[in-house]
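**Q** Residue numbering for the sequence shown follows the working numbering, beginning at 6 and increasing consecutively.
The C-beta atom is built at its ideal place from N, Cα and C for all residues, glycine as well.
One structure, pasted below without further comment.
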Amino acid sequence: MVQVLSSRVLLRPADPERSRAFYGEALGLAIYREFGTGPERGTVYFLGGGFLEVSGRATQAPTPTLQLWLQVADAARAHEELVGRGVTVLRPPVREPWGLIEMWIADPDGHKVVIVEVPADHPLRYRP
């Protein structure tokens with residue numbers, strides 16, 4: 006069996022500086038580490054229980070199958086903050102039939118990011 010000690014999502018953006026501004030400034034993700042030099046240097050962000058590495062440069066269009074799931078404490082507050090920072094909101098927070106509150110945004114390359122609030126009474130948090 007493979008013993009996984011750490012993990013991260015690797016993202017190769019079309020414009021690394023623009024993506025670093027999005028993830029680091031607009032979303033406010035904290036930096037875990039940086040490496041290399043120049044515009045294609047790598048920046049690794051804390052992503053809850055994992056990491057997001059933005060490095061290199063894409064040579065192809067982004068895949069529509071890559072989506073990020075980010076849990077927050079308050080989706081409505083996150084919505085206000087992100088709109089204030091100029092983030093493209095694809096859909097404001099909505100309580101889904103499965104009980105989660107989800108908001109969809111897009112990064113500069115068009116990758117979809119779901120911002121999720123797990124309400125206190127949701128089965129993911131509450132076990133009777």
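Which whole runs of the beta strand (DSSP E) in the segment 45-121 are 3 residues long or more, in chain order?
**A** Correct list: 47-52, 55-59, 72-77, 94-100, 106-111.
**Q** On the three-state DSSP scale, how would you describe residue 38?
**A** In the sequence shown, residue 38 corresponds to position 33, counting from 1. The answer is strand: DSSP assigns residue 38 an E or B state.
**Q** Do you know whose CA, among 28, 96, 22, lies nearest residue 62's CA?
**A** In the sequence shown, the residue the question calls residue 62 occupies position 57. Measuring from the Cα of residue 62, the nearest candidate turns out to be 22.
**Q** Ordered along the chain, which non-local residues of its own chain (more than five positions away) have a Cβ less than 7 Å from that of residue 51?
**A** As a position in the sequence shown, residue 51 is number 46, starting the count at 1. Only 34, 35, 37 meet the Cβ criterion.
**Q** Does DSSP classify residue 23 as helix, strand or coil?
**A** Working through the sequence shown from its first residue, we reach residue 23 at position 18. Of the three classes helix, strand and coil, the one that applies to residue 23 here is helix, per DSSP.
**Q** Which two residues bound the contiguous beta strand (DSSP E) that contains residue 16?
**A** Taking the first residue of the sequence shown as position 1, residue 16 is located at position 11. Where residue 16 is concerned, the enclosing beta strand (DSSP E) stretches over 13-16.
**Q** Can you tell me which of 68, 60, 66 puts its alpha carbon nearest to the alpha carbon of residue 40?
**A** The sequence position of residue 40 within the sequence shown is 35, counting from 1. Nearest of 68, 60, 66 to residue 40, Cα basis: 60.
**Q** What's the C-alpha gap between residue 130 and residue 123?
**A** Taking the sequence shown and counting its residues from 1, the one referred to as residue 130 is at position 125. Taking the sequence shown and counting its residues from 1, the one referred to as residue 123 is at position 118. About 7 Å.
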